[in-house]
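Structure first, commentary second.
So this is what it looks like as C-alpha cells:
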C-alpha cells in the first residue's frame, strides 16, 4: 500500500520534477519506505517526514537563489538604462523574453513547486506555520487587516511595503507575470502576435529585486527552522488535522481563478499554476505524513486506519483527475467547479473527523 | 496560448501517466478492501460521486462505470444491514434511480439521488451503532460508528471524538451503558444537525449563484439529514409537527427541482425557523447551564471589543470589530443550543432575545463592512438589554457562575492571542490576553483556590510573569516573542487550564478539603493584619496606651465591613468580582502608605515618648499631633484587615457556590481561630518581653509585614496591568514564597521589597540619629545652662 501511495503522492512531485528533468526515482528516494504495521506511539519513526521536508525546502532555497540572481541581473540592466523600460525592450527584448520565461519556469518548478510539496507539513506544524504565511498563504494587510502578517519588505529604492502579503502569490508571482499594474515596468508583446496577453509584461525591476530578496531570505529562514525541527507524533497529527480541512478553501480559490472563470477572473494570484497543483502538493506532504503515522492508528483501530487511508487516497485521486482534465483542455464551468468543491469539502471534512478520532484513541493532543 | 502555458502542459503530460496509474490503483484498492462497513460505505458514495462528476462533463459511459462501482459496493454492504432490510431496499431504489438519471443525462436527478444515498447510509449506520451498543456488541458498534459525518468545522468548533471516547470508555467499564448511549447519540445527532444547517445554507447560496444542480443536491442533503434527526424532533414536538416539517423539506426539494423560487424561499424560511428552535442532540442540564453562562460571557466581550475598534462612528481597528463579530457568532451559537429550553420557559421573551441577537449581529456585520457604524454606546446598550432579558428568563441555576464554561471562553480568547501574535499584532494579542485573564480571574480562579490552589497559582504565573522555566504571556507579548515561543507558552497554559477544568469538572473534594482550603485562605490573608495589630497593640503601653483605641476601632470597622460584604447579595459580590484584584491593589497601596507613615512615626515615637515622658511634655505633644495620629492608626487598623478582607470574601463566596455556606463558614472560623491564636501569642509574648526587646521585635514584625505587603502589592499591580513585569531570568521561586512572603521572581517586586527594607532600616537610623541629636542638644543646652549658671554672678 505504501509503495502505491508514494507513487500516487509522486504525481504532484512529478509535475514539478518533470520540468527540471529530475528523474522520478529521485522523488521516490525522498520518501523512505514505511511499513504499515501496528506500532506504539513511542516507537514511531518520523525522521522520514523531516527528510522529505528538508529535501523539498533545500530545493526551494536553490530555486530562490537562482531567481534572486536573475532579478539582480535584470535590475542591473534596467538600472543601467535609467529605468527606461521602452529603451530596454527595444534594445534587449529578444534576450529578455527567454530570460523572463526561464525565471518563471524556475519559479514554478523549483521554487513555488517544491514549496507546494512541503506546504502540507510547513503550514500544518505550528512551529513552522509562520513561514507558510510569509511565503505562500498570508493575506495582505489590505485584503485582511485582521489576519495579515505585520511584516515589511524594503525595495532597493527604499520603498517599504507594509504587510504586503505572501512572497509567492502577492509579490513575486504578480511581478513575474505582470498581473498587477503597479508591478509592471512595461506591457509588451512577448511573442509578437500583435496582442498583449496576460503575462506579457516586463516586471518592475525595483519591485522584482526587492521581493526576490525577501523571498530568498524567507526561504533561508524556513530552511533553518526546518533544520531545527524534530517532528513529533503531535506535529504529524496536527499537520493532518489542520491541513486536511483546508482543501475546500483551496478549491474555492480555484473556482475563482482564471483556470475556471477565464478572462472574468480578477485574481492576481494562482494565475501561473492552477490552484489544483497547490492542493495536490499539500496532499502529497500529508500523504507522506500519514504514511509515517498510519502504523500507530493501526494499533488502536485498523478499520479507522484503513478508512483514513482510503479517504486521503480518494482525495488525491480526485484532485489529480480534475487537474489532468483541466490540463487536457477541459474548462470547467463555475457550477461544475462548485460541485467539485462541495465534494472536496465533504471528503476533507470526513477525513479531518476521522483523524480526530484517531488522535482521541491515541490520546494525542494537537500541537500548539 | 503563451509559451509559459505550453511548457506547463508539456510537463503535465508526464504527470498524467501517473495520474491514470494512481486512479486505477485507488479504485482497485477500495474495491478489494471494502470488507468493513466504513470502506463499503465509502465505496458506495465514491461510486455515485464518480458518476456525478462524469455526467456533469457529459461522459455518460464513465458515469455508468461509477454506478457499476456503487452497485458492487452495495452488494458488499447489503449483508451488513441484515437487520435493516428497509435500508437495503432504499439503497437499491436510489441506485436504480441514479442509473436512470445517468442514462437520461439528468444531472439534477442524479444530484438528488446522490445526496439521498449518502444520508440514508448515515441514518442506517446511526441506527446500527445504537442497536449494537444496546446489545453489548461493542466491536460491531465501533465498526458502524466509523460510518458517520462530523459537525462542520468553524472557528469555535471542530470535529470532536465524544462518541468514540464514550464507546471506548464503555468497553473499559469507565462509563455506564446509559451514559455512553447518551454521549454517542448526542455526538452523532449534533453532527447531523450541524450538517443539516450547513445544507440549508448551501441551498440558499446555490440558488443565489444560479447553480441548479448544487441547489437540488443541497436540498436533498438537507432532507436526508432531517430524516436522521426527525425522531428526536418527534419526541420533543409530537408526530403531527414532525409530519409538517417532513412536508417542508419535501417541498424544498421539489421547489429546487422545479425552479420555483417563491416556494423555495418560503420553504427555506420555514426550515430555518424550525431549526432555529430545535436541538436534536440531547443536552444534560449541566451542558445547558454551561452554554447559558457562555452566552452571557460572549455577549459581555462584544462591547469591549467594539469600543476598542471604533472612534465615534468610524472603525479605527478592524481587528477589534472582527473579534466583536466573532463573539457575536459564538453567542448566537450558544443561544441556539439553549433556545429550545428557553422557549419552554418564556416563548415571547425568547423570541425577543433572538431578534435582539440578530439585530446586534447585523450591526456588527455592518460595522465590519463599514456600511453603518454605530457608536459603541449603542452596542453596549444592546448587550446590556440582552443580558438583562437573558438573566430574567434564565432559571436560577443558570444565573450562577459556571467556572467550567468559563474555561471554554478563556480557551477561545487564548486562540485569539495566538492568532494576533501570528499576524504580528501584539497589541491585539495583549488585549485578548487581558480579556482571557479577566474571565479566568473572575470565575475559575476563585474556584480553583478552593479546589486546587497550586493550579490557580500556576495559571496566574503563566498569564503574567512566568514560572521561572517558561516566560509568562504578558512578558512574552511585551517582548514581541516569536510565534513558536508563544505557542509553547499557550500550550503550557492550555495544559494547566485543562487540568484545572478537569479538577473543577470532577467531583468536588470532600467537605474536609474545602474547610481546610478556606481556613488556609483566611489564615494566610489574616496573618499580615494580625501581626501588625498584635505587635502595635503590645507596644502601646504606658503613655501610648491611648493609641490602642483608634487601632482597634479601625480593625473592628474593617472586620464588620468584611462581614457585611460576605452576607451581601450574591449578585453584588459577583459584580464586584471583576474588580477583585484592582480593589485589592488600591486598598493595598493605601495600607502601605499608611504603614510607612506609621512605621516612621513608630520609630520616632519610641524615643520621643520616653523623652517626652521624662520632660513632662506629653500633653503638649499629644495635643499637637493627636488628631493625625488617631486618624492614621484608625486607617491602619482598617486597611490592615480590609485590604485582604474584601478579596478573601470574594474567594470565599466562590467556594460557597461550590460547597455551601456552612462548609465554608467552618473553614472561616477555623482560619480565624488560627489567626487569633497567632495574634494572642504575639501579643502575650510581646507583653512579657522587656520593653526595649518588645519594641525591637515589634519593629521587626512590622518591617516583615511591610516587606511582604510591598511584594504582594507589586504583584497585584502587575496582575491588574498597572505595573510592568520584568522577570528575573532563570530564577524559579517556590509557590509558598509568593503566598507567604510576597516574593515573586520579578525585578520590580524584588526591588520594591529591597527599598522597603532600606526604608525600614533608614527610618530606624533616622529616628536614632534624631533621638541622639535631640539628646545631644538637650545635654548641650543643659550643660550650657549649668555652666552659665555656675559662672553667673547671680547664681
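Protein chains in written order, with the numbering used here: chain A, 1 to 368; chain B, 1001 to 1795. Using N, Cα and C, we set each Cβ at its ideal position, and we do this for glycine too. All values reported here derive from a predicted model rather than from experimental measurement.
Residue i: buried (16+ other C-beta within 10 angstroms of its C-beta) or exposed?
i, result
"residue 1443 (chain B)", "buried"
"residue 1069 (chain B)", "buried"
"residue 56 (chain A)", "buried"
"residue 1325 (chain B)", "buried"
"residue 1168 (chain B)", "buried"
"residue 1311 (chain B)", "exposed"
"residue 1631 (chain B)", "exposed"
"residue 1105 (chain B)", "exposed"
"residue 1384 (chain B)", "exposed"
For chain A, check one thing: does any of its Cβ atoms lie closer than 7 Å to the Cβ of residue i?
i, result
"residue 1042 (chain B)", "yes"
"residue 1487 (chain B)", "yes"
"residue 1064 (chain B)", "no"
"residue 1058 (chain B)", "no"
"residue 1196 (chain B)", "no"
"residue 1424 (chain B)", "yes"
Note down, in chain order, each residue of its chain lying with its Cβ closer than 6 Å to the Cβ of residue i, except the 5 sequence neighbours on either side.
i, result
"residue 345 (chain A)", "248"
"residue 1242 (chain B)", "1230, 1233, 1234"
"residue 1341 (chain B)", "1288"
"residue 212 (chain A)", "67, 68, 71"
May I have the straight-line CA-CA distance separating residue i from residue j, to the nearest angstrom?
i, j, result
"residue 1708 (chain B)", "residue 1479 (chain B)", "28 Å"
"residue 1667 (chain B)", "residue 1159 (chain B)", "43 Å"
"residue 1521 (chain B)", "residue 1467 (chain B)", "22 Å"
"residue 115 (chain A)", "residue 134 (chain A)", "12 Å"
"residue 47 (chain A)", "residue 231 (chain A)", "7 Å"
"residue 1269 (chain B)", "residue 1174 (chain B)", "44 Å"
"residue 83 (chain A)", "residue 1373 (chain B)", "45 Å"
"residue 223 (chain A)", "residue 61 (chain A)", "8 Å"
"residue 1438 (chain B)", "residue 1445 (chain B)", "10 Å"
"residue 1428 (chain B)", "residue 1744 (chain B)", "27 Å"
"residue 377 (chain A)", "residue 322 (chain A)", "One cannot answer for residue 377 (chain A) here, as it falls past the ends of chain A, which runs 1 to 368."
"residue 1274 (chain B)", "residue 1111 (chain B)", "25 Å"
"residue 43 (chain A)", "residue 1142 (chain B)", "26 Å"
"residue 403 (chain A)", "residue 241 (chain A)", "There is simply no residue 403 (chain A) to check, as chain A begins at 1 and stops at 368 in what is shown."
Quick check on residue i - is its C-beta less than 7 Å from some C-beta in chain B?
i, result
"residue 150 (chain A)", "yes"
"residue 369 (chain A)", "Nothing can be reported for residue 369 (chain A): it is not among the residues displayed for chain A, which extend from 1 to 368."
"residue 336 (chain A)", "yes"
"residue 339 (chain A)", "yes"
"residue 145 (chain A)", "yes"
"residue 369 (chain A)", "This structure cannot speak to residue 369 (chain A), because chain A is shown only from 1 to 368."
"residue 113 (chain A)", "no"
"residue 249 (chain A)", "no"
"residue 294 (chain A)", "no"
"residue 126 (chain A)", "yes"
Could you check which residue in the options has the C-alpha nearest to that of residue i?
i, options, result
"residue 291 (chain A)", "A:276, A:321, A:239", "A:239"
"residue 97 (chain A)", "A:223, A:333, A:162, A:200", "A:200"
"residue 1109 (chain B)", "B:1336, B:1213, B:1194", "B:1213"
"residue 1076 (chain B)", "B:1058, B:1064, B:1201, B:1041", "B:1041"
"residue 216 (chain A)", "A:136, A:343, A:313", "A:136"
"residue 1193 (chain B)", "B:1330, B:1151, B:1554", "B:1151"
"residue 365 (chain A)", "A:236, A:313, A:275", "A:236"
"residue 372 (chain A)", "A:149, A:348, A:203", "Since the displayed chain A opens at 1 and closes at 368, residue 372 (chain A) lies outside it and no answer follows."
Among the residues of its own chain, which have a CB less than 8 Å from the CB of residue i, if the five just before and after it don't count?
i, result
"residue 1067 (chain B)", "1047, 1048, 1051, 1095, 1098, 1099, 1102"
"residue 1503 (chain B)", "1448, 1451, 1452, 1455"
"residue 1146 (chain B)", "1036, 1037, 1038"
Please return the same chain residues whose Cβ sits closer than 7 Å to the Cβ of residue i, not counting the five positions on each side in sequence.
i, result
"residue 304 (chain A)", "297, 354, 357, 358"
"residue 1462 (chain B)", "1470, 1472, 1473, 1489, 1492, 1493, 1496"
"residue 1054 (chain B)", "1062, 1063, 1066"
"residue 1397 (chain B)", "1289"
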